[in-house]
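Peer 1:
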Amino acid sequence: MSSGTADLPDLTPNQINALVVLMVEARRLSNAELRELAGFPLTGKDNEKLVKLGLVETDRKRRPFSHELTDEGWRVMRELHGGTPPRAGGSASRSLFTLLASLRRGLDRLRISHGDFFGQTAGAGLDRAPA
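For the sequence shown, our numbering assigns the number 2 to the initial residue and increments by one for each residue that follows.
1. Would you check if the distance between the CB atom of Glu73 and the CB atom of Leu56 is smaller than 9 Å?
2. DSSP state of Ser114, grouped into three classes?
3. By Cβ distance below 6 Å, which residues in the same chain neighbour Asn32 in space, the five residues on each side in sequence not counted?
4. Would you kindly check if the distance between the Cβ of Leu12 and the Cβ of His68 is under 9 Å?
5. Identify, in the order they occur along the chain, each residue of the same chain with its Cβ nearer than 7 Å to the Cβ of Ala39, setting aside the five sequence neighbours on each side.
6. Taking the alpha helix (DSSP H) that Leu23 belongs to, which residues open and close that run?
7. Pick out the complete beta strand (DSSP E) segments inside the stretch 22-83, 3 residues or longer, and give them in chain order.
8. Can you grab the Cα-Cα spacing for the pair Glu34 / Asp60, in whole Å?
9. Would Leu9 and Leu81 qualify as a contact pair, given that the criterion is a beta-carbon distance under 9 Å?
10. Going by beta carbon distance, what residues of the same chain come within less than 6 Å of Glu58, once the five residues before and after it are set aside?
11. Going by DSSP in three states, Leu104 sits in which element: helix, strand or coil?
12. In whole angstroms, give me the CA-to-CA distance for Ala89 and Pro14.
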């Protein structure tokens with residue numbers, strides 16, 4: 002991923018998608034939950050890179066492993082909203098980045114942090130009613 006912000010890491014579309022799902026859920030997610038929400042678990046080189054970059058904390062004490070954004074992960078997600086989508090991501094990545102840019106503008110206008118906006122309330126999670 003190339004971007005106008007020099008301190009953003011080079012991420013694959015799957016790594017970006019995993020970070021987006023972790024941001025939107027704003028909680029620790031197991032690989033089973035990630036598979037249900039994103040269509041894939043966070044494993045292998047994708048997980049290793051995100052952990053090495055300090056963007057994700059992975060709990061490997063029990064299976065399925067679980068993942069959560071770190072403070073640095075939240076920072077990168079805020080910056081990613083102004084970035085350029087990875088070339089390999091195609092139209093889906095371009096659409097996602099368009100949505101993220103709009104989200105950033107809205108949150109800036111409302112003066113709400115990403116964490117506050119996406120923070121879970123009691124009982125929230127996979128069983129949410131459709132809007």
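The beta-carbon is built from N, C-alpha and C at its ideal position, and this holds for glycine as well.
Please read all numbers here as calculations on a predicted model, not as lab measurements.
Peer 2: In this structure, then:
1. yes
2. coil
3. Pro42, Pro65 and Phe66
4. no
5. Asn18, Ala19 and Val22
6. Pro14 to Glu26
7. 57-60 and 67-70
8. 14 Å
9. yes
10. Glu69 and Thr71
11. helix
12. 7 Å
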